[in-house]
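Chains as they are written, first to last, in the UniProt record's numbering: chain A, 1 to 504; chain B, 1 to 504. By construction, the Cβ of each residue, glycine as well, lies at the ideal position given by its N, Cα and C atoms.
Number of protein chains: 2
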Amino acid sequence: MNIQSSHAGQQAYDTLRQRFARMGQIRNALGILGWDKDTMMPVGASDSRAESIATLAVLSHELMTAPDMAELLDRAQPPADAMAQANLHEMRRQHAHAAAVPGELVDAASRAASRCEMAWRTARQNSDFASLLPQLQAVLSCTREIAAAKAEALGLSPYDALLDQYDAGTRQADIDPVFAELARELPDLIASALAHQDSLPPPRAPSGPFGVGAQEKLGTETMAAMGFDMQRGRLDVSLHPFCGGAEDDVRITTRYVEDDCLNALMGIVHETGHALYEQGLPRAWRAQPVGEARGMSLHESQSLLMEMQICRSRPFMDWMAPRLRAAFDGTADDGAWDAANLHRLMTRVRPGFIRVDADEITYPAHILVRYEMETALIAGTMKLSDLPDAFNARIHDLLGLTVTEDRLGCLQDIHWPSGSWGYFPTYTLGAIIAAQLREAAERDTPDMMAAIGRGDFSPLLGWLRPRIHARGSGASTIDIVRDATGAAPNTGPYLRHLRQRYCA
Amino acid sequence: MNIQSSHAGQQAYDTLRQRFARMGQIRNALGILGWDKDTMMPVGASDSRAESIATLAVLSHELMTAPDMAELLDRAQPPADAMAQANLHEMRRQHAHAAAVPGELVDAASRAASRCEMAWRTARQNSDFASLLPQLQAVLSCTREIAAAKAEALGLSPYDALLDQYDAGTRQADIDPVFAELARELPDLIASALAHQDSLPPPRAPSGPFGVGAQEKLGTETMAAMGFDMQRGRLDVSLHPFCGGAEDDVRITTRYVEDDCLNALMGIVHETGHALYEQGLPRAWRAQPVGEARGMSLHESQSLLMEMQICRSRPFMDWMAPRLRAAFDGTADDGAWDAANLHRLMTRVRPGFIRVDADEITYPAHILVRYEMETALIAGTMKLSDLPDAFNARIHDLLGLTVTEDRLGCLQDIHWPSGSWGYFPTYTLGAIIAAQLREAAERDTPDMMAAIGRGDFSPLLGWLRPRIHARGSGASTIDIVRDATGAAPNTGPYLRHLRQRYCA
């Protein structure tokens with residue numbers, strides 16, 4: 001490289017930085033508009049808001065696919081440091097995803113998804129898969145076209161190209177052996193968890209009602225204890241809990257149930273896990289691709305680490321039980337407010353049809369079924385009309401349940417109608433990684449769970465910050481996990497955790 | 001015109017419609033981001049939010065000043081209907097404003113204003129005009145450069161070019177005679193209002209505290225009675241009340257004072273006036289220039305019509321007094337809850353230094369002084385260093401008050417430090433137009449005020465909707481007022497109103 005070309009390469013990189021910063025700011029704006037839509041927006045504004053959001057998305061897409069982007073990305077030479085190099089790598093990856101798909105296909109897919117989502121709400125209510133089939137087929141066809149276009153551009157298989165949208169660098173070949181092992185282990189594991197549960201005293205639910213004000217106060221205090229920075233975020237209410245917002249403005253939501261004092265709290269600690277990740281991203285790289293969260297598997301690992309590994313643990317409950325009792329003036333002397341009881345209550349196993357209501361140990365069964373279905377549908381080795389029977393058969397294999405209505409089966413989730421194919425496996429990858437991170441964190445900081453027992457999250461957060469959060473998108477999910485724990489994502493810690501919590 | 005050119009002209013107009021719709025959607029997004037900043041945003045997000053807002057503003061400005069815009073605007077041939085023609089006219093006007101100012105000057109002005117606003121907060125606190133002078137001079141210089149650039153592009157005087165930003169088509173030559181008459185009339189009018197007030201029993205303020213929940217409930221009910229569509233808007237809390245949001249999503253705010261049951265309510269009815277205008281804009285022209293509110297004078301006329309003309313009237317108080325008493329469980333039997341007393345309380349005259357705290361009759365004096373000052377400063381016939389003395393002298397002439405500290409004088413407003421020169425006269429033009437609209441509405445619908453006495457706003461709103469709201473930016477402020485009332489904006493109805501309310 002001569003001085004001349006190096007200078008031009010730096011200039012190209014600087015131009016790219018500015019353009020991606022613009023896209024980052026549009027993403028921030030979209031984050032707030034999306035949060036507002038689900039928390040504040042009056043109903044009459046929904047069409048107008050959809051237009052605003054679509055306009056910003058198109059502006060961002062146009063910036064990404066500007067005619068000179070490919071050349072700039074080719075020519076760009078970032079500084080020698082690893083994050084700058086990774087930043088360019090992420091720019092190229094994001095550009096490749098966006099540029100691979102012709103505008104008309106993006107548009108057709110978005111329209112097909114909108115139509116299908118609408119039809120899905122009715123079809124689910126009526127358990128009527130046949131009525132949804134044409135719309136869902138249209139979404140699947142568009143998705144397969146997108147997958148094929150991205151596959152060619154990225155040199156991946158179609159399903160891997162979809163998966164790469166949600167979890168950069170993770171491939172079907174990484175997932176298959178992991179999920180195959182889970183499929184082998186799960187039925188026995190669940191059976192033995194149920195048997196073990198039967199040997200314990202049944203948990204008692206504290207009786208309410210539990211005032212929303214007190215629930216919110218306890219939730220906010222818990223967020224603060226976990227390390228959530230209230231100067232750079234909020235807690236609000238929405239129909240479905242989520243973590244959204246923008247940089248320096250991470251907003252989580254929950255939903256308060258008046259006769260259950262743990263439901264909203266567990267939602268809050270889950271979303272706080274997502275939020276701590278966002279708040280811990282490298283600030284020097286704000287609004288740049290490398291400054292973004294790595295992907296959905298790692299994101300879910302953070303929420304599940306906090307919810308499942310930490311806050312459904314006995315040490316956390318030892319700390320939380322007296323706080324719950326005090327928050328709700330719990331006077332009952334029937335043991336309902338005891339930590340041991342509350343811990344049993346929060347780790348109860350009950351196989352059921354609905355994924356989002358599933359407990360920790362049966363949840364992966366729901367994911368395995370969806371993963372098997374969507375990989376076959378994208379590969380074209382299964383017909384969409386065969387989905388209900390295939391889905392129900394596998395639910396029976398793994399959970400022993402007979403699906404009698406499709407609203408309790410393959411019609412329950414919005415992911416497929418809305419075009420989010422390749423997303424499902426990230427839930428269980430996240431659960432696996434969460435267990436692995438907790439094992440590694442305890443190995444490195446042996447007093448970590450004892451600190452949790454005192455409501456002190458700082459050893460855990462201190463371990464996570466540099467190893468996960470501050471890495472942003474500086475490496476692939478697999479490499480970040482390997483660097484943090486010494487091993488690529490694997491089922492060992494997860495199965496150990498499930499056996500220890502549910503079968504011992 | 002031949003078929004060929006007509007077709008190209010239609011195409012150009014369609015292209016423009018699409019581009020302005022994009023800008024309209026960006027404006028909607030900015031409306032929500034701005035509302036959120038002042039109501040919801042955590043403090044730590046302010047830098048990030050400023051970046052997002054600036055990015056969207058730049059994107060919109062780039063759309064407006066794209067290289068082919070001038071040619072498209074030249075070539076465009078809209079359909080023959082009046083609104084489409086007016087739409088193209090507004091497109092041209094908006095483009096002329098944006099294209100007149102070089103990007104570097106926009107940038108310099110924006111930076112000068114940011115620095116000056118910061119310095120102003122300290123200078124105001126310390127009543128230290130000298131310390132602000134350099135920064136304010138920088139803002140004034142940038143503003144004069146912008147005014148000169150726009151003046152040349154628009155064929156207007158520099159001050160008219162600034163004024164046109166806030167009130168399209170209104171000129172200094174329209175304002176001067178109106179304000180001169182007010183300057184002549186006001187001192188005597190205020191003196192006679194004070195003398196009349198002394199002849200009445202002093203009003204009693206109902207004693208609080210007045211719960212925020214009850215205030216909010218009453219405010220919401222009042223908004224609904226006035227015709228505010230809660231499906232397309234919200235009421236929230238902010239430090240300074242405002243009306244913002246987006247199309248189909250008009251959001252007003254207020255601030256609750258616990259020891260005053262009328263303060264927040266009057267803020268709410270004022271902002272509801274703004275909101276009704278926004279909610280009544282022509283829906284067929286959403287996100288197009290002609291579908292926007294006409295300007296700040298007409299906007300202020302709508303808030304002041306509702307607040308001053310209607311809700312501080314005796315008929316409104318006849319309806320509201322028992323509602324207030326019921327809302328706050330008013331048991332005092334000292335006459336504080338009587339409509340006559342509450343009406344006197346809400347029309348009390350007390351000359352003071354602070355514009356935003358001024359009553360209806362002394363408010364215009366504050367505006368006249370600022371208008372005289374800013375026209376002279378923009379014209380260059382006064383030096384900025386002479387501002388405090390000149391300002392204070394005119395306050396003394398019009399209100400008989402001696403300003404001893406500049407924080408009570410020329411340092412009190414954010415408008416000049418923030419670069420909003422040419423804005424002040426719209427407040428009093430709005431007050432004048434409000435009186436004129438009320439006279440015309442009563443002439444056309446004689447039972448209008450009797451209906452207000454029953455809490456029925458429908459005759460008033462039915463009169464306003466087609467004459468003001470639905471016209472959008474279809475004509476100039478002056479023409480809209482003339483069409484609605486039969487006369488251009490003039491002081492007759494305003495002075496009659498003030499004399500009748502305060503001197504009779």
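Residue i CB to nearest chain A CB: under 8 Å?
i        : result
Leu342/B : no
Ser48/B  : yes
Asn490/B : no
Pro289/B : no
Ile32/B  : yes
Thr55/B  : yes
Ile268/B : no
Phe239/B : Phe is not the amino acid found at residue 239/B; the sequence shown has Leu there. No - not a single Cβ of chain A is within 8 Å of the one on Leu239/B.
Pro282/B : no
Met382/B : no
Pro67/B  : no
Met230/B : yes
Glu247/B : yes
Just how far apart, CA to CA, sit residue i and residue j?
i             : j        : result
Ile82/B       : Ala450/B : Before going on, a small fix: residue 82/B reads as Ala here, not Ile. About 36 Å.
Asp167/A      : Arg121/A : 28 Å
Ala195/B      : Asp160/B : 39 Å
Gln165/B      : Trp421/B : 10 Å
residue 505/B : Ile378/B : There is simply no residue 505/B to check, as chain B begins at 1 and stops at 504 in what is shown.
Leu265/A      : Gln215/A : 7 Å
Ala441/A      : Asp260/B : 56 Å
Ser127/B      : Leu324/A : 52 Å
Ser48/A       : Thr331/B : 47 Å
Asn392/A      : Met373/A : 11 Å
Gly462/A      : Pro282/A : 14 Å
Asp229/B      : Glu271/B : 13 Å
Pro134/B      : Gly380/B : 16 Å
Gln77/B       : Ala66/A  : 30 Å
Assign residue i to one of two classes, buried (16 or more other C-beta atoms within 10 Å of its C-beta) or exposed (fewer than that).
i        : result
Asp174/A : buried
Gln172/A : buried
Lys217/B : exposed
Val403/B : buried
Met308/A : buried
Measuring only between beta-carbons, confirm whether residue i sits less than 8 Å from chain B.
i             : result
Gln85/A       : no
Asn126/A      : no
Ala45/A       : yes
Gln25/A       : yes
Arg234/A      : yes
Glu117/A      : no
Ser52/A       : yes
Met64/A       : no
Met1/A        : The pLDDT assigned to Met1/A is 49, lower than 50, so where the model puts this residue is not dependable; a value taken from the coordinates is nonetheless given after this. By this cut-off, Met1/A is not an interface position.
Asn392/A      : no
Arg17/A       : no
Leu461/A      : no
residue 506/A : A question about residue 506/A goes unanswered here, because the residues of chain A that appear run from 1 up to 504.
Can you determine whether any heavy atom of the ligand ATP sits closer than 7 Å to the C-beta of residue i, and answer yes or no?
i        : result
His299/B : Absence of the ligand ATP from the depicted structure is noted, as is the absence of any ligand whatsoever, leaving it without description.
Our contact map puts residue i next to residue j with C-beta atoms below 8 Å; I'd like the distance itself, whole angstroms only.
i        : j        : result
Pro446/A : Gly233/B : About 56 Å; that fails the 8 Å criterion.
Arg407/A : Arg22/A  : Incorrect: roughly 43 Å between the Cβ atoms, too far for contact.
Leu63/A  : Ala29/B  : With a Cβ gap of about 15 Å, Leu63/A and Ala29/B do not count as contacting.
Ser301/B : Ala434/B : 5 Å
Alpha helix (DSSP H) segments (min. 4 residues) lying fully within the segment 371–430 of chain A:
387–399
Complete alpha helix (DSSP H) runs within the segment 326–370 of chain A (minimum length 4 residues, chain order):
339–346
Whole runs of the alpha helix (DSSP H) within the segment 276–318 of chain B, excluding any shorter than 4 residues:
296–304
Starting from the N-terminal side, write out each stretch of the alpha helix (DSSP H) that is 4 residues or longer and does not extend beyond the segment 35–110 of chain B.
46–64, 69–75 and 82–100
At 4 residues or longer, what runs of the alpha helix (DSSP H) sit wholly inside the segment 438–475 of chain B?
448–452 and 458–467
Taking only runs of the alpha helix (DSSP H) that begin and end inside the segment 155–219 of chain A, which ones reach a length of at least 4 residues, in chain order?
158–166 and 172–198
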